[in-house]
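**Q** Take this structure, written in structure tokens, and hold onto it; I'll ask about it next.
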């Protein structure tokens, strides 16, 4: 999807996947209808269960249902609750919103955060970085974020792991939501290492009239290596050690922690209330880990309908 708005008003799957790019498109759901790109309806069994609840199972890297390319776009949940495993976005211009203003019934986004091996979802939690933003403005002439942020984020971690070994759910896009609920989990709010041009390791070139192929990366390293900072790896778009980071703002009405850990990292501003039980921990800076995606800028890959991520952490 490029320019304009598309409204999915159907109870049947009509697409294997939807690809939003360039930042100019809005995909809008209809309340009670999110099946168009493969989400399955979950009927409530109790009065306390979520209404209008759908799940994207995302069992394979090419079955995520929705993908955000360069420049992203807007996904309007329109009052629906969505459970998914992860979000494939190349940058923070992917913007998930809810313009349904019923404050008593926000759209919930439940992120499972299981890992992928050989492009298949595993049954183990893994460090997962969400580059997408939530509840941001969609008005190019003003700020209408207060009409887009009726969202509650939910994450349940692995209660069998110690605090040190828990997989983390990391947000490094801008977040403006009503609430964040974390149970038995670790959530990190941090800035984003600014991405730069890089050289793929598989790019081969010839010198002059020679037919011999050389790795472009090796040629550049040999020519410029002594002039580069020690932390720089020309094969990657960003590094945790680099000096330039994109600042991120996290405006969250209430953060509710149950036996969980919240880390607020580098280049991050948090505004909101925090409720935490006695088994939870809250860290603002200090000796905490930061996370980076070695596939930053290329989470959405292939022909636009495949996901990849390689998370790394460092103090």
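Numbering (our numbering), first residue to last: 814 to 1128.
Glycine included, every Cβ here is placed at the ideal spot set by N, Cα and C.
Bear in mind that the values here come from a model prediction, so they are computed numbers and not experimental data.
My guess is that residue 971 and residue 944 are in contact by the Cβ rule of under 8 Å, so how many angstroms apart are they, rounded?
**A** Taking the first residue of the chain shown as position 1, residue 971 is located at position 158. Taking the first residue of the chain shown as position 1, residue 944 is located at position 131. So it is not a contact: roughly 22 Å between Cβ atoms.
**Q** Can you look up residue 1111 in the DSSP assignment and give me helix, strand or coil?
**A** By one-based count along the chain shown, residue 1111 stands at place 298. In this structure, residue 1111 counts as coil in the three-state DSSP scheme.
**Q** Determine the burial state of residue 775: buried for a count of at least 16 other Cβ atoms within 10 Å of its Cβ, exposed for fewer.
**A** Nothing in the structure corresponds to residue 775, since the chain is present only between 814 and 1128.
**Q** Exposed or buried, residue 1041, counting other C-beta atoms within 10 Å across all chains shown (16 or more means buried)?
**A** By one-based count along the chain shown, residue 1041 stands at place 228. Flag for residue 1041 reads exposed.
**Q** Taking DSSP as the reference, what is the three-state secondary structure of residue 1037?
**A** As a working note, residue 1037 is residue 224 in the chain shown. DSSP places residue 1037 in helix when its eight states are reduced to three.
**Q** What does the alpha-carbon distance come out to for the pair residue 1095 and residue 916?
**A** Taking the chain shown and counting its residues from 1, one reaches residue 1095 at position 282. Taking the chain shown and counting its residues from 1, one reaches residue 916 at position 103. C-alpha separation (whole angstroms): 27 Å.
**Q** Mind checking residue 817: buried by the 16 CB within 10 Å criterion, or exposed?
**A** As a first step, residue 817 is located in the chain shown; it is residue number 4 there, counting from the start. The residue is exposed, with fewer than 16 neighbouring Cβ atoms inside 10 Å.
**Q** Would residue 1122 and residue 1100 be called neighbours here (beta carbons separated by less than 7 Å)?
**A** Within the chain shown, numbered from 1, the residue matching residue 1122 stands at position 309. Within the chain shown, numbered from 1, the residue matching residue 1100 stands at position 287. Not a contact, by the Cβ cut-off of 7 Å.
**Q** Assuming residue 1084 is part of the beta strand (DSSP E), what are its boundary residues?
**A** For the purposes of this step, residue 1084 is taken as residue 271 along the chain shown, with counting starting at 1. Residue 1084 -> beta strand (DSSP E) spans 1081-1089.
**Q** What residues in its chain sit with their C-beta under 6 Å from that of residue 1069, if we drop five residues either side in the sequence?
**A** Reading the chain shown from its first residue, position 256 is the one you call residue 1069. Correct list, in chain order: 994 and 1088.
**Q** If I follow the unbroken beta strand (DSSP E) through residue 920, where does it start and stop?
**A** If you number the chain shown from 1, residue 920 lands on position 107. That run of the beta strand (DSSP E) goes 920-924.
**Q** Return the Cβ separation of residue 894 and residue 867 in integer angstroms, given the expectation that the two are a contact with Cβ distance under 8 Å.
**A** Your numbering for residue 894 matches position 81 in the chain shown. Your numbering for residue 867 matches position 54 in the chain shown. The Cβ separation is near 7 Å, so the contact holds.
**Q** Please give the ranges of any beta strand (DSSP E) in the segment 893-962, keeping only runs that are unbroken, at least 3 residues long and fully inside the region.
**A** Fully enclosed beta strand (DSSP E) runs of 3 or longer: 894-897, 907-910, 920-924, 927-930, 933-938 and 941-943.
**Q** By the three-class DSSP mapping on this structure, what secondary structure does residue 875 have?
**A** To locate residue 875, count along the chain shown from 1; it is residue 62. Note: residue 875 maps to coil in three-state DSSP.
**Q** Could you tell me whether the segment 956-969 touches the segment 1022-1041, where touching means 3 or more Cβ pairs closer than 8 Å?
**A** No: fewer than three Cβ pairs fall under 8 Å.
**Q** Around the Cβ of residue 1010, are there at least 16 other Cβ atoms within 10 angstroms (buried) or fewer (exposed)?
**A** One-based indexing of the chain shown puts residue 1010 at position 197. When all chains shown are included, residue 1010 counts as exposed.
**Q** Apart from the five residues on each side of it in sequence, which residues of its chain come closer than 7 Å, Cβ to Cβ, to residue 1102?
**A** Looking up residue 1102 in the chain shown gives position 289. Correct list, in chain order: 1126, 1127 and 1128.
**Q** Take residue 958 and list the residues in its own chain whose beta-carbon comes closer than 8 Å to its own, dropping the five residues that flank it on each side.
**A** Along the chain shown, read from residue 1 onward, the residue named residue 958 stands at position 145. 948, 949, 950 and 989, listed in sequence order.
**Q** Kindly confirm or deny that the segment 1075-1085 and the segment 994-1008 touch, where touching means at least three C-beta pairs closer than 8 Å.
**A** They touch, by the three-pair rule.
**Q** Starting from residue 1074, trace the beta strand (DSSP E) both ways and give me its first and last residue.
**A** Here the question's residue 1074 lines up with position 261 in the chain shown. Segment 1074-1077, the beta strand (DSSP E) holding residue 1074.
**Q** Taking the C-alpha atoms as reference points, what is the distance between residue 1008 and residue 1073?
**A** Against the chain shown, residue 1008 aligns to sequence position 195. Against the chain shown, residue 1073 aligns to sequence position 260. Cα to Cα, residue 1008 sits roughly 31 Å from residue 1073.
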